[in-house]
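A.B. asks: Shown below is the structure under consideration.
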Amino acid sequence: MPHAVLKLLENMPMPWESAREVKVLYHVNGCLTLVNEIPRVIEPVFFAQWAMMWTFMRKEKADRRLFKRMRFPPFDDEEPPLSWSENLEDVEPAEPIQMELNEDEDAAVYEWFYDHRPLLDTPHVNGDSYKSWNLTLPQMATLFRLSRPLISDVVDKNYFYLFDRKSFLTGKALNVALPGGPRFEPLYKDIDPNDEDFGEFNAIDRIIFRNPVL
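Take 3 as the starting number for the sequence shown in the working numbering and just add one per residue.
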């Protein structure tokens, strides 16, 4: 996939944003435009935002007010490309999906919860890199409460014994499958080339010319 498409997907607006302004990098002859930005987030804030989206989208399944089924045109080689001025330029951005917060209960995060870069110019973060963050106890408590739909109630680590990442890595390194676990693909396959069945490229009745016949 082209790098320009990957950067476009990486910086796609979240469901709670109607639009997003990003830095772009233009090619010298104008044939290519790259999104010159890496999205960075505060992990508990991002987790709480998606938890709110999960709750809201579950309600929207019945209403279908914000969700529309899109019909994509067939991508034929003979089909002309879409014109920006005719199809995209005047289209208004879709309405953002935002669940209303309570001004009293969610006062710690009410002002900045749905911002693209929350707490950017505050002492809570080190800068636009979001390499380190330090939230207050009321903020963390509110974010934890908003994240409850996506947080598991199971605290026993043995509950996940068949789906433990460390066990997967150890089993992969030792070429050992976990009994009752998911599908296992060995890291080093025990295949002897001499034991393989004859196929299209190793059949003994085939003559393969490596050099062009003159």
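Virtual Cβ for every residue (Gly too), placed ideally from N, Cα, C.
What residue from A21, Y161, V7 and M3 has the CA that sits closest to H118's CA?
C.D. replies: If you number the sequence shown from 1, residue 118 lands on position 116. Nearest of A21, Y161, V7 and M3 to H118, Cα basis: A21.
A.B. asks: Please confirm whether P120 and V47 have their CB atoms less than 8 Å apart.
C.D. replies: Here residue 120 is taken as the residue at index 118 of the sequence shown, counted from 1. Here residue 47 is taken as the residue at index 45 of the sequence shown, counted from 1. Against a cut-off of 8 Å, the Cβ pair of V47 and P120 comes out as a contact.
A.B. asks: Thinking C-alpha only, which one of D106, I206, L180 and A175 is nearest P217?
C.D. replies: The chain is shown from 3 up to 216; residue 217 falls before or after that span and cannot be answered.
A.B. asks: Is DSSP giving W56 helix, strand or coil here?
C.D. replies: Taking the sequence shown and counting its residues from 1, one reaches residue 56 at position 54. Looking at W56 - three-state DSSP - the assignment turns out to be helix.
A.B. asks: Which residue comes first and which comes last in the alpha helix (DSSP H) that contains V7?
C.D. replies: The residue you call residue 7 lines up with position 5 of the sequence shown. Here the alpha helix (DSSP H) through V7 covers H5 to E12.
A.B. asks: Tell me the rounded alpha-carbon separation between Y190 and W114.
C.D. replies: The residue labelled residue 190 in the question sits at position 188 within the sequence shown. The residue labelled residue 114 in the question sits at position 112 within the sequence shown. So the alpha carbons of these two residues sit roughly 50 Å apart.
A.B. asks: Would you give the residue range spanned by the beta strand (DSSP E) that T35 belongs to?
C.D. replies: The residue you call residue 35 lines up with position 33 of the sequence shown. Segment T35 to V37, the beta strand (DSSP E) holding T35.
A.B. asks: Under 8 Å by Cβ, that's how I've got V26 and N38 pegged, so tell me the actual separation to the nearest angstrom.
C.D. replies: For the purposes of this step, residue 26 is identified with residue 24 of the sequence shown, where counting begins at 1. For the purposes of this step, residue 38 is identified with residue 36 of the sequence shown, where counting begins at 1. Right, the Cβ-Cβ distance comes to about 6 Å (below 8 Å), so this counts as a contact.
A.B. asks: What are the boundary residues of the beta strand (DSSP E) that includes L231?
C.D. replies: There is simply no residue 231 to check, as the chain begins at 3 and stops at 216 in what is shown.
A.B. asks: What does the Cβ neighbour count give for S131, buried or exposed, with the cut at 16 atoms within 10 Å?
C.D. replies: Start at 1 with the first residue of the sequence shown, and residue 131 comes out as number 129. The residue in question, S131, is exposed, as its Cβ has fewer than 16 Cβ neighbours within 10 Å.
A.B. asks: Who does W86 pair with in a DSSP beta bridge?
C.D. replies: For this step, residue 86 is matched to residue 84 along the sequence shown. BP columns for W86 are empty, so no partner.
A.B. asks: Apart from the five residues just before and just after D108, which ones in its own chain have a Cβ nearer than 6 Å to its Cβ?
C.D. replies: The residue labelled residue 108 in the question sits at position 106 within the sequence shown. Here the set comprises T144.
A.B. asks: Who does Y28 pair with in a DSSP beta bridge?
C.D. replies: Locating residue 28 in the sequence shown gives position 26, where the first residue counts as 1. Answer is T35.
A.B. asks: Looking at C-beta atoms only, is the number of pairs between the segment 84-94 and the segment 170-182 that lie closer than 8 Å three or more?
C.D. replies: They do not touch, by the three-pair rule.
A.B. asks: Who are the Cβ neighbours of W18 in its own chain at under 8 Å, not counting the five residues just before and after it?
C.D. replies: Position 16 of the sequence shown, counted from the start, is the residue given in the question as residue 18. The residues are Q51, M54, M55, P98, I99, Q100 and Y116.
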